[in-house]
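Residue numbers (our numbering), protein chains in the order written: chain X, 1 to 130; chain C, 1 to 130.
The next block holds one structure in the form of structure tokens; read it before the comments.
There are 2 protein chains.
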Amino acid sequence: MTARDLTKNQEMVLGALSAADGPLSAYTILDRLRDRGFRAPLQVYRALDKLLDYGLVHRLESINAFVACAHPHCHGHGSIAFAICEKCGQVEEFSDATVQSRLGDWSREHGFKPSKTAIEIRGTCATCLA
Amino acid sequence: MTARDLTKNQEMVLGALSAADGPLSAYTILDRLRDRGFRAPLQVYRALDKLLDYGLVHRLESINAFVACAHPHCHGHGSIAFAICEKCGQVEEFSDATVQSRLGDWSREHGFKPSKTAIEIRGTCATCLA
DNA sequence: TTCGTTGCGTAACGCTATAACGTCCGTTAT
DNA sequence: ATAACGGACGTTATAGCGTTACGCAACGAA
Ligand SMILES: [Zn+2]
Ligand SMILES: [Zn+2]
Ligand SMILES: [Zn+2]
Ligand SMILES: [Zn+2]
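Next comes the structure, spelled out in structure tokens:
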């Protein structure tokens with residue numbers, strides 16, 4: 001379950017995401033892998049599912065896209081936050097212990113058992129503002 | 001721009017969301033309003049756009065659904081968080097000043113100008129755990 | 001062997017959202 | 001008044017995102 005033994009498809013999808021300079025939609029990944037044998041969306045989605053499980057890839061819920069994890073080694077990142085530039089598409093991945101702890105507090109106080117947390121800030125990055 | 005003067009379509013969409021006991025997809029709203037004259041997705045999406053502008057409705061990015069604001073009077077809620085139960089579909093809307101401030105800090109420090117923030121915790125609610 | 005699990009390939013389908021028309025109506029300027 | 005504009009509306013078609021359903025092949029456990 002802890003990865004390290006990716007299948008051919010999984011490696012190609014992860015490769016496409018790593019090579020990209022920003023998040024990619026599943027169908028964009030498909031297009032970029034067509035000349036390497038990909039034919040159908042399911043090939044991409046199946047690979048993505050596993051890569052998400054392994055923590056090597058993150059899904060950006062607010063833009064229906066996927067991005068390679070920026071810190072695949074820092075294994076423990078619980079809830080991650082993303083800053084997504086709406087101009088250039090660049091994404092910054094970060095995590096904040098205080099935010100995590102506050103959201104954890106709320107969950108505990110309300111008897112809510114969290115499974116997956118999404119924190120996404122959309123806006124304009126420093127580069128695009130300059 | 002500050003609402004108070006909803007059109008017929010906007011009122012019907014808001015009514016459908018308020019009457020529902022949980023978030024609804026745009027197409028579910030469409031189905032529920034068919035006998036009141038709704039025919040096409042665009043009628044729903046156009047109304048939703050305005051209602052989102054007015055702050056009367058929130059979009060749940062991680063499940064492609066919409067929900068009536070739980071506190072339409074507390075006008076000022078900047079970035080809101082949602083706890084979404086994956087069992088029963090119930091949604092709790094809350095806001096945490098510390099979380100907001102921490103995310104604001106990160107943005108300021110990184111020269112990022114935020115426009116819209118989504119915080120969504122998926123998991124299992126207290127009721128469904130019991 | 002037999003079975004269960006996992007990954008893969010293909011086709012079809014369903015759900016989510018927008019583009020591109022044209023129309024109607026109330027407000028405003030001439 | 002009437003022309004011009006903006007905003008909401010209706011309809012059709014299309015684009016984009018994701019899953020269901022089927023069958024096959026490989027591998028390890030029983
Ligand atoms: Zn990561
Ligand atoms: Zn940018
Ligand atoms: Zn609200
Ligand atoms: Zn529940």
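Yeah, the Cβ is synthetic: ideal placement off N, Cα and C, and Gly gets one too.
As the structure is a computational prediction, the values presented were derived from the model and not from experiment.
Between the segment 13-26 of chain C and the segment 26-35 of chain X there are fewer than three inter-stretch CB-CB distances shorter than 8 Å, so the stretches are not counted as touching. At a cut-off of 8 Å between C-beta atoms, A118/C counts as an interface residue with respect to chain X. Taking 3 residues as the minimum length, the beta strand (DSSP E) runs contained wholly in the segment 39-96 of chain X are 57-60, 65-68, 81-85 and 91-94, in order along the chain. Ranked by Cα distance from D35/C, the first of L56/C, G22/C, L51/C and V13/C is V13/C. Classified as buried, A81/X has 16 or more neighbouring CB atoms from the shown chains inside 10 Å of its CB.
Against chain X, the CB of A83/C has a partner CB under 8 Å away; the residue lies at that interface. Nearest to H71/X by alpha-carbon distance, out of A83/X, N64/X and V57/X, is V57/X. Under the 8 Å criterion on CB atoms, D35/X is classed as non-interfacial with respect to chain C. Identification of chain X residues near P114/C by a Cβ-Cβ cut-off of 8 Å yields A83, I121, R122 and G123, ordered along the chain. G123/X sits in a strand when the DSSP states are folded into three classes. The chain-ordered list of residues whose CB is nearer than 6 Å to some heavy atom of ligand 3 reads H58/C, C69/C, A70/C, H71/C, H77/C, I80/C and E93/C. Taking non-hydrogen atoms of ligand 4 into account, the C-beta of Q90/C is found less than 7 Å away from one of them.
Here the alpha carbons of D5/X and A40/C stand approximately 47 Å from one another. For D35/X, there is no enclosing alpha helix (DSSP H), as DSSP gives it neither H nor E. Using a CB distance below 8 Å, the part of the segment 92-111 of chain C facing chain X consists of E92, F94, D96, T98, V99, R102, L103, W106, S107, H110 and G111, ordered along the chain. Within chain X, the residues whose beta carbon sits less than 7 Å from that of L129/C are G111 and K113, listed in sequence order.
For S62/C, a Cβ of chain X is located within less than 8 Å of the residue's own Cβ.
The nearest non-hydrogen atom of ligand 4 is 7 Å or more from the C-beta of C74/C.
Identification of chain X residues near A65/C by a Cβ-Cβ cut-off of 7 Å yields none; the smallest Cβ-Cβ distance measures about 12 Å. According to the DSSP assignment, G15/C belongs to the alpha helix (DSSP H) that extends over K8 to A19.
Short of 6 Å from the beta carbon of A83/C, and not among the five residues preceding or following it, lie these beta carbons of its own chain, in chain order: E92 and I121. For L60/C, the closest C-alpha among the options S101/X, T117/X and E86/X is that of T117/X. Remark: C-beta atoms of S18/X and A68/X approach each other more closely than 8 Å. In this structure, DSSP gives S25/C a state outside helix and strand, which the three-state scheme calls coil.
Excluding residues up to 5 positions away in sequence, nothing lies with its Cβ nearer than 6 Å to the Cβ of G37/X in the same chain. Rounded to whole angstroms, the separation of the alpha carbons of A97/X and A130/X is 30 Å.
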